[in-house]
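Enquirer: The structure's right below; bear with me while I get my questions together.
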């Protein structure tokens with residue numbers, strides 16, 4: 019899901035911040051190595067480093083958070099939840115732990131628990147733009163599109179350079195049949211991130227609904243140059259073929 023990309027990118031930013039904060043402590047040194055492996059996409063190797071960090075310091079919440087993130091990226095949300103649980107046990111005001119655990123519950127399609135965790139993340143940190151974005155996506159998944167839009171609006175207020183809630187807001191307006199509004203928000207997402215393939219793709223779909231095939235073709239071609247995902251490329255190519263018949 020595109021919401022998942024939002025989580026993954028933001029979580030990686032958090033990991034980078036953790037790396038910058040780590041000092042000469044041996045547990046933190048292993049955590050730093052884990053960060054480097056995560057950035058390289060080597061999640062199993064990252065987990066080995068986080069294991070060592072936790073062995074040296076079992077009360078190191080950041081190591082549990084980072085290991086949980088690695089497990090999520092390996093498609094093991096149950097194991098990720100165990101690590102987020104431990105991080106929360108060590109620090110009950112750890113907003114990122116609630117946010118990340120909410121993501122894991124989302125992957126398991128447990129939207130109720132996901133919503134609870136995003137609510138808690140926001141309660142702990144009312145300026146946490148990512149948590150508003152992610153809670154908005156839960157509302158979207160539950161077809162509560164107006165509530166989703168309200169959360170995406172709040173995320174944008176908190177971080178004007180956050181492209182994901184603009185994109186997600188476009189998705190919500192499209193579900194409401196408000197395709198011109200959707201196009202406006204996909205465009206805002208692209209203004210923030212000119213390489214946002216999904217925003218071009220979905221803006222093209224909105225143009226298609228409105229009968230603007232020229233702009234749809236332009237956006238589909240742009241999306242095709244930006245994405246390497248096989249499923250996305252197949253969908254984009256199919257839409258292009260349909261327009262060119």
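Numbering (my numbering), first residue to last: 19 to 263. Note that CB positions come from ideal geometry on N, CA and C, so glycine has one too.
Check residue 39 in the structure and name its three-state DSSP category.
Expert: With a pLDDT of 45 at residue 39, under the threshold of 50, the modelled position of that residue is not reliable, and the figure given next carries that caveat. It is helical.
Enquirer: Out of curiosity, what's the CA-to-CA distance linking residue 132 and residue 239?
Expert: Residue 132 and residue 239: Cα-Cα distance of roughly 36 Å.
Enquirer: Go ahead and label residue 225 buried or exposed: buried means 16 or more other beta carbons lie within 10 angstroms of its beta carbon, across all protein chains shown.
Expert: Classification of residue 225: buried, given that the 10 Å Cβ count is 16 or more.
Enquirer: Pair every Cβ in the region 89–108 with every Cβ in the region 120–140, then say whether three or more of these pairs are closer than 8 Å.
Expert: Judged by Cβ distances under 8 Å, the region 89–108 makes contact with the region 120–140, as three or more pairs qualify.
Enquirer: Taking three-plus beta-carbon pairs below 8 Å as touching, is the region 99–117 in contact with the region 136–152?
Expert: The region 99–117 vs the region 136–152: in contact.
Enquirer: Assuming residue 258 contacts residue 235 (C-beta within less than 8 Å), just tell me the rounded distance between them.
Expert: At roughly 7 Å, the Cβ-Cβ gap stays under 8 Å, so residue 258 and residue 235 are in contact.
Enquirer: Need the endpoints of the alpha helix (DSSP H) that residue 122 sits in, please.
Expert: It spans 113–125 - the alpha helix (DSSP H) in which residue 122 sits, taken as one unbroken run.
Enquirer: To the nearest angstrom, how far is the alpha carbon of residue 207 from that of residue 181?
Expert: Cα to Cα, the separation comes out at about 5 Å.
Enquirer: Does the distance from the CB of residue 79 to the CB of residue 112 come in under 7 Å?
Expert: Yes; because the gap between Cβ atoms is below 7 Å, this pair is in contact.
Enquirer: Taking the alpha carbon of residue 253 as the point to measure from, which residue in 233, 232 and 218 has its own alpha carbon closest?
Expert: Ranking the options by Cα distance to residue 253, first place goes to 218.
Enquirer: By the 10 Å Cβ neighbour count, where 16 or more other Cβ atoms means buried, how is residue 50 classified, buried or exposed?
Expert: Answer is buried; the Cβ neighbour count reaches 16.
Enquirer: How would you write the range of the alpha helix (DSSP H) that residue 170 sits in, first residue to last?
Expert: First-last of the alpha helix (DSSP H) with residue 170: 163–176.
Enquirer: Apart from the five residues just before and just after residue 55, which ones in its own chain have a Cβ nearer than 6 Å to its Cβ?
Expert: Taken in chain order, the residues that qualify are 63 and 64.
Enquirer: Under the three-state reduction of DSSP, which class applies to residue 97: helix, strand or coil?
Expert: Helix, per DSSP.
Enquirer: Starting from residue 146, follow the alpha helix (DSSP H) in both directions and report where the run begins and ends.
Expert: Taken as a continuous stretch (DSSP letters only), residue 146 belongs to no alpha helix (DSSP H), as it is neither H nor E.
Enquirer: On the premise that residue 188 lies in contact with residue 204, defined as a C-beta separation below 8 Å, what is that separation, rounded to the nearest angstrom?
Expert: Confirmed, about 4 Å.
Enquirer: Consult DSSP for residue 313 and reduce its assignment to one of helix, strand or coil.
Expert: Residue 313 lies beyond the stretch modelled for the chain, which goes from 19 to 263, so this question has no answer here.
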